[in-house]
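Some notes on the structure that comes next.
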Amino acid sequence: MPRIYLCFLWHMHQPFYKNLISGEYRLPWTRMHALKDYYGMVRILEEFPEVKQTFNLVPSMIVQTEEYASGEAHDPFLRCALKPAETLTESDKSFILQQFFHADPAHMIYRYPRYGELYDAYDAAQRSVDRTARVIGMQGFRDLQVLSQIAWFDEEFLEHDPEVKALVTKGRNFSLEDQAVMGRKQREILARVLPIYQKLAGTGQIEISTTPFYHPILPLICDSDIAGVSHPGAPLPSRFRYPEDARVQLEMSREYMQSRFGAAPAGLWPSEGSVSDEAFTVAADLGFQWAATDNGILDRTLKRSVGVDGIYKPYLWERDGRRMHVIFRDHFLSDLIGFVYSKMGAAEAAADFLHRINENCRGILSSGRDALVPIVLDGENAWEYYDHNGRPFLRELYRRITDDTQMIATTVSEALARVEPQTLDHIFPGSWINANFGVWIGAEEDNLAWEYLLRARETYERAANVPEAQKRLAYEELLIAEGSDWCWWYGPEHSSQQRTEFDQLYRDHLANVYRALNMQPPEELSRPILKSIPVREFHMSPTGHIQPCIDGEVSSYFEWIGAGIYRVDPRSGSMHGQKFVVRELHYGSDGSNLYLRVDFDEKSMEPRSGMDVRLNVENASFAVRIERGDARQINPNSVPLECAFKKVLELKVPLSALRGRPESLVRFQVSVWQDGLPLDAAPQHGWLELTAADAEW
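Per my numbering, numbering through the sequence shown is continuous, rising by one, with the last residue being 1894.
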């Protein structure tokens, strides 16, 4: 009987945050994700022994985790979290307030009432350190030191470790002893990360694949001009061509993983799914047997749009006597886990996911062929947006997979041994994002970063009379600077409150190349590469009465003057792929009605038909469906609303239908759905408010 071989590949990766010369970690995210994801994502599989998976481990991430576990990592973030609150300096307090709220408010901060109180206090003080310090006092800082760390602990420890549970139950008014427990438990969790992978790899329940050591974009390291093939006309920097570095990155990775797991990995997730014939040639020469990338690459390789019957099978790349099995991830289904299912209930999301797989495979199975379904995505960043770190969703999903007699969740290597491949004589050069390299090269900031890298690489080549140990250090700093993570934050695609830290760390690594070679770093490295300032959400409350005409158009410039405006930042954060359907909201009142205007992103609207827009308030919910250039209410209430859509969606709802009590506020959120899946929400977290004053202008 034909079967569905479901191949999950979870990619575990963080940039190399350590400065090799100073020894300090610039950012704490390897430690934080090791506490929350690296251990727990594997540990949960022990509850489901029939579910097999593949975990892709980046060696530079494991190196950092091991250093944390040994207690040797010099992390100023952890040092500040463990410092007695009584001895905090003004600089410490400023650092804590600026850095210790970097967590999802809905699922991580407000999960702990005291953490939420401190977050609100900082916000109410307009993020002023002095005013916040006066409000929360010394005890508030200690509570923040403890809770900001506990919020990143894995669910197993939050629910089952007696000492951690005691801290969670206590909730506030933590002592110096509590701080010490928090620090000790971190080291315990970190020490369990590598052993759990070794244990399940030893039993065969998981397969370990890997990535080049410092996560470079291999095709660009081999030859940066390859970007012009996938993105013709893009402005490119001076040519960077060092295929020998690509080989070293892969050799180091194989040797390191063999030292930790007793065998060299068969599989490769090339950083960001980036592939080219030259990169595959190097990988095949070194002994890699399979690689994974995105189905967009398959489309461009075969020069046509490939459906699931083409995606759900393996391929065999053969060129110049070399061979490499290749799987192409289902981009759509992978993104559902990454960005959509966090907004749904665990059972509902798991059922939807498996239903889609079974429907996709129906024709393949009926033809007598097995289906290999590749689900490849980030294994760490999505879970902070899920309820309880995604564990209810994963348990529900794995339980249903176990119960499905036609589906086998297995490792990539095992699936490749069971399903016949189709041959390819070449691979189109590109990454998992848009089947090109545009995120990492072509923008002004990206190109400047490549120019600086090239100058440092050429300087290294010319350096003479440098002690061998220093030459090795300089080369390792170059390999770190070749990593993809720095250019991820350059250019217009991604936004983060810590972009400046990434910029500084990249320039530090390049400066260390010169320092290791006994040279003065060039002055250009003292100035930021970043030119653009991150866009933030914009929100302005209503300033006057409005009475717009509900016709689906902005028929007059003046009809929405006085409305509140909420505008979203369209750039994604650490995970690429978040779709923003709503561009802007306008809202206001004439004292009797709530008026709402939704401006959509035009590109997102093009393929949409049958899209539902829901107005969610605390006491009621209204929904309209947009179809064929119009809108209609689909859940009529006792007081129907007015709606229209042409260029924008406009709604008019009586305030009497929204308020629980005449004096209460109207708190609302707009969400957009299609085919039973949430697409977007504005605001992403919390509510917009129409106050009594707004309604009574």
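We put the beta carbon where it would ideally sit given N, CA and C, even for glycine.
If you look at H1783, you'll find it in the beta strand (DSSP E) that goes V1779 to S1786. The three-state secondary structure of K1215, taken from DSSP, is strand. The continuous stretches of beta strand (DSSP E) do not include M1335, which lies in the alpha helix (DSSP H) extending over residues V1326 to I1347.
When the Cα atoms are used, H1742 and P1212 turn out to be separated by approximately 50 angstroms. The beta carbon of E1283 is closer than 7 angstroms to those of M1335 in its chain, skipping five residues each way along the sequence.
Here Q1250 carries a strand assignment [DSSP, helix/strand/coil]. F1298 and E1263 have their C-alpha atoms spaced approximately 26 angstroms apart.
In this structure, the beta-carbon distance from L1364 to I1347 falls below 8 angstroms. The Cβ-Cβ distance between W1487 and H1528 does not fall below 8 angstroms. Rounded to the nearest angstrom, the gap between the Cα atoms of E1674 and V1710 is 6 angstroms.
Under the three-state reduction of DSSP, K1849 is assigned to strand. Following the DSSP letters along the chain, one finds F1354 inside the alpha helix (DSSP H) bounded by residues E1352 to H1357. With a threshold of 16 other beta carbon atoms within 10 Å, P1725 falls short and is exposed. Remark: C-beta atoms of P1739 and G1759 approach each other more closely than 8 angstroms. By the Cβ neighbour-count rule, T1602 is exposed, with fewer than 16 other Cβ atoms within 10 Å of its own. Taking the Cβ atoms as the reference, L1852 lies roughly 6 angstroms from N1790, within the contact range of under 8 angstroms.
For S1610, the enclosing alpha helix (DSSP H) starts and ends at V1609 to R1615.
Excluding residues up to 5 positions away in sequence, F1797, D1798, S1801, V1869, L1876 and D1877 lie with their Cβ nearer than 7 angstroms to the Cβ of V1778 in the same chain. Taking a cut-off of 8 angstroms on C-beta distances, the stretch 1575-1591 does not touch the stretch 1255-1269, as fewer than three cross pairs fall below it. Listed in chain order, the beta strand (DSSP E) runs fully inside the stretch 1378-1441 are 1403-1407, counting runs of at least 3 residues. Contact between Y1657 and Y1672 holds: CB atoms are separated by about 7 angstroms, below the 8 angstroms threshold. The three-state secondary structure of P1273, taken from DSSP, is helix. Rounded to whole angstroms, the gap between the alpha carbons of G1688 and L1727 is 8 angstroms.
In this model, Q1376 and E1356 are separated by some 19 angstroms (Cα to Cα). At a Cβ-Cβ threshold of 8 angstroms, R1228 and D1272 count as neighbours. A1476 sits close to A1443, with the two beta carbons spaced by under 8 angstroms. In the DSSP assignment, the residues bridged to R1520 are E1515.
Contact check between the stretch 1675-1695 and the stretch 1626-1645: three or more CB pairs, one atom from each, fall below 8 angstroms, which counts as touching. One Cα belongs to G1484, the other to G1464, and the distance between them is close to 9 angstroms. Contact between E1353 and G1220 does not hold, since the beta-carbon distance rounds to 31 angstroms and is not under 8 angstroms. Between I1494 and V1472 a beta carbon distance of about 6 angstroms is seen, short of the 8 angstroms cut, so the two are scored as contacting. For the 8 angstroms CB-CB criterion, V1573 and A1489 form a contact. E1750 and A1303 have their C-alpha atoms roughly 34 angstroms apart. For G1368, the closest of A1330, P1310 and G1425 by C-alpha to C-alpha distance is P1310. Leaving aside the five residues that flank H1623 on each side, the residues in its chain whose CB is nearer than 8 angstroms to its CB run, in chain order, D1474, T1498, W1514 and R1516. The stretch 1585-1595 makes contact with the stretch 1534-1551: 3 or more CB pairs, one atom from each, lie closer than 8 angstroms.
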